[in-house]
Amino acid sequence: MTRWDAEAAVVGLGAWGAAALWRLASRGVDVVGFERFTPGHAFGPAHGGSHALRVAGPGHPGLVPLARRSRELWPELEDSGGESLFVPCGGLVVGPEGGPVVGGTLRAARAHGVPVRTFTASALRFQYPRHTGVPAHHMGVWEPSAGLVRPERAVRTAVAVAEEAGARVYADSRVTVVEPVPGGIRLHTAERSLRVRQVVVTAGPWLPALLPGLPLETVRAPVTWWRPLEPGDDFGPEAFPAFARELEDGRVLWGDGARAGDGIRLGLDGGCGVAKPVDPEGADRSVVPDDWADLARLLPAKVPGLEPLPARVAAGTRTRTPDGLYLLGRPGGDPRVVVAGGDDAHGLAHAPGVGEALADLVQGVRGDDPAAAPGFLSPDRFA
Ligand SMILES: Cc1cc2nc3c(=O)[nH]c(=O)nc-3n(C[C@H](O)[C@H](O)[C@H](O)COP(=O)(O)OP(=O)(O)OC[C@H]3O[C@@H](n4cnc5c(N)ncnc54)[C@H](O)[C@@H]3O)c2cc1C
52 MTRWDAEAAV VGLGAWGAAA LWRLASRGVD VVGFERFTPG HAFGPAHGGS
102 HALRVAGPGH PGLVPLARRS RELWPELEDS GGESLFVPCG GLVVGPEGGP
152 VVGGTLRAAR AHGVPVRTFT ASALRFQYPR HTGVPAHHMG VWEPSAGLVR
202 PERAVRTAVA VAEEAGARVY ADSRVTVVEP VPGGIRLHTA ERSLRVRQVV
252 VTAGPWLPAL LPGLPLETVR APVTWWRPLE PGDDFGPEAF PAFARELEDG
302 RVLWGDGARA GDGIRLGLDG GCGVAKPVDP EGADRSVVPD DWADLARLLP
352 AKVPGLEPLP ARVAAGTRTR TPDGLYLLGR PGGDPRVVVA GGDDAHGLAH
402 APGVGEALAD LVQGVRGDDP AAAPGFLSPD RFA
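Whatever position you read off the sequence shown (first residue = 1), add 51 for this note's numbering.
See the structure below:
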């Protein structure tokens with residue numbers, strides 16, 4: 052008879068894998084986790100001090116149940132881990148009413164009954180004076196249930212709580228091969244080989260290297276931190292909450308005033324250093340002026356009061372699918388393998404909901420919960 056080293060393994064303890072490990076271990080599943088670095092590291096996307104959570108995100112409206120469930124689960128993880136992980140500071144989106152950012156948010160809010168408040172451009176100028184140059188035909192949408200998650204702390208806490216619940220964790224342990232064997236999976240690292248009945252692969256930008264053939268592409272996604280010109284200037288989360296702002300040319304300026312790290316986190320989707328494909332294994336982490344030059348040019352007109360150059364720049368990565376939505380499910384229907392990958396800039400906020408959906412898949416729990424591994428995220432949808 053085959054002997055298994057664990058019922059399930061989670062490969063990659065970043066945002067999603069740490070959450071899956073937590074949900075599995077807290078349900079009493081015999082689970083083991085592998086992380087190639089130290090959990091909470093800065094080499095993947097789940098770092099930078101603060102990540103925004105919106106329940107009514109501007110992406111696919113079907114993600115709202117996942118976001119809502121995550122919004123419920125973050126406080127549960129805070130309680131279990133005794134750590135503050137979520138800052139309930141609300142969130143703002145700005146842009147033309149019919150654009151992807153504001154239009155998408157309003158559609159999601161209406162479809163799922165998420166309370167939001169709308170502002171005209173002039174009311175917005177009064178309420179959030181840090182945002183300038185908002186054209187008269189743009190508007191703002193305020194979501195009080197939005198907020199900020201602390202990414203590094205969230206990952207570390209989920210792993211620690213999972214360990215307390217019985218999960219075994221191999222940190223600094225890179226899985227080199229995920230080998231299907233009859234009835235299960237054999238995982239290989241340089242130090243050991245383990246046999247498990249099921250594997251959850253949540254390797255973020257490194258996922259395609261472990262499971263080739265998934266429709267994923269990793270691209271550069273620089274992020275920058277800025278300091279106020281006047282040290283006393285209030286750019287805190289109340290005055291300058293988490294925001295996404297569609298500009299007149301369609302690019303999206305985003306950020307927040309959490310100031311958990313080196314300053315105010317800002318990014319520009321559609322900027323010139325963004326979205327160039329990279330190999331995450333050999334990813335060049337050096338930064339170039341292209342990573343911040345567009346931002347430096349537009350900030351004086353859009354968010355004045357910041358130093359002309361960023362205090363810090365990081366060459367982050369995003370892992371995209373052809374439709375910009377996650378992959379979440381069993382590729383090819385394989386009963387031994389569950390994957391979650393591909394992020395559309397909301398992945399950290401959705402981590403507890405994704406972790407729960409992954410645990411449901413491992414345990415074969417489906418129910419009629421709309422947050423449970425929705426079919427539109429199937430890894431086989433492009434086949
Ligand atoms: C610039 C930027 C800004 C963002 N802003 C936000 C935001 O405001 N709000 C939000 O919700 N999301 C945001 N995101 C997205 C969010 O960070 C990601 O969606 C999330 O971190 C993805 O989680 P993941 O678990 O898939 O990947 P990761 O967090 O990268 O985790 C993958 C883990 O797998 C490990 N691993 C890889 N290969 C192996 C292996 N062979 N063996 C063992 N371990 C392995 C890695 O070391 C890593 O720890 C942003 C992303 C970027 C780049």
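Every residue, glycine too, gets a C-beta built ideally from N, C-alpha and C.
| Query | Result |
| --- | --- |
| Closer than 8 Å to chain D by CB, residue 295 | The question asks about chain D, but that chain is absent: this structure has only one protein chain. |
| 4-residue-minimum alpha helix (DSSP H) runs that sit fully inside the stretch 139-194, ordered along the chain | 151-163, 172-178 |
| Through-space distance from residue 156 to residue 232, alpha-carbon basis | 45 Å |
| Rounded Cβ spacing between residue 251 and residue 68 (contact assumed at less than 8 Å) | 7 Å |
| Same chain only: Cβ atoms within 8 Å of residue 327, ignoring 5 sequence neighbours per side | 270, 271 |
| Distance CB(residue 246)-CB(residue 130) smaller than 8 Å | no |
| The stretch 144-152 in contact with the stretch 295-302 per 3-pair CB rule at 8 Å | yes |
| Cut-off 7 Å between Cβ atoms - residues of its own chain near residue 52, not counting five sequence neighbours on either side | Model confidence at residue 52 stands at a pLDDT of 47, short of 50, so the residue's coordinates are unreliable; what they give is reported in the following sentence. Taken in chain order, the list of residues that qualify is empty. |
| Exposure of residue 303, with buried meaning 16 or more beta-carbon neighbours within 10 Å | buried |
| Cβ pair residue 172, residue 189 closer than 8 Å | yes |
| Buried/exposed call for residue 280, threshold 16 Cβ in 10 Å | exposed |
| Three-way DSSP call (helix, strand, coil) for residue 215 in this model | helix |
| Same chain, Cβ closer than 7 Å to residue 65, neighbours up to 5 away in sequence not counted | 95, 97, 206, 253, 255 |
| Local conformation of residue 243 per DSSP, three classes | coil |
| C-beta contact flag for residue 277 and residue 314 at 8 Å | yes |
| CA-to-CA distance, residue 177 to residue 87, given in whole angstroms | 48 Å |
| Per-residue burial, residue 409 [other beta carbons within 10 Å of its own, 16 or more giving buried] | buried |
| Whole-number beta carbon distance between residue 226 and residue 238, since they are thought to touch under 8 Å | 5 Å |
| Other residues of its chain near residue 170: CB distance less than 8 Å, five sequence neighbours each side excluded | 178, 190, 191, 192, 193 |
| Residue 138 Cβ short of 7 Å to ligand 1 heavy atom set | no |
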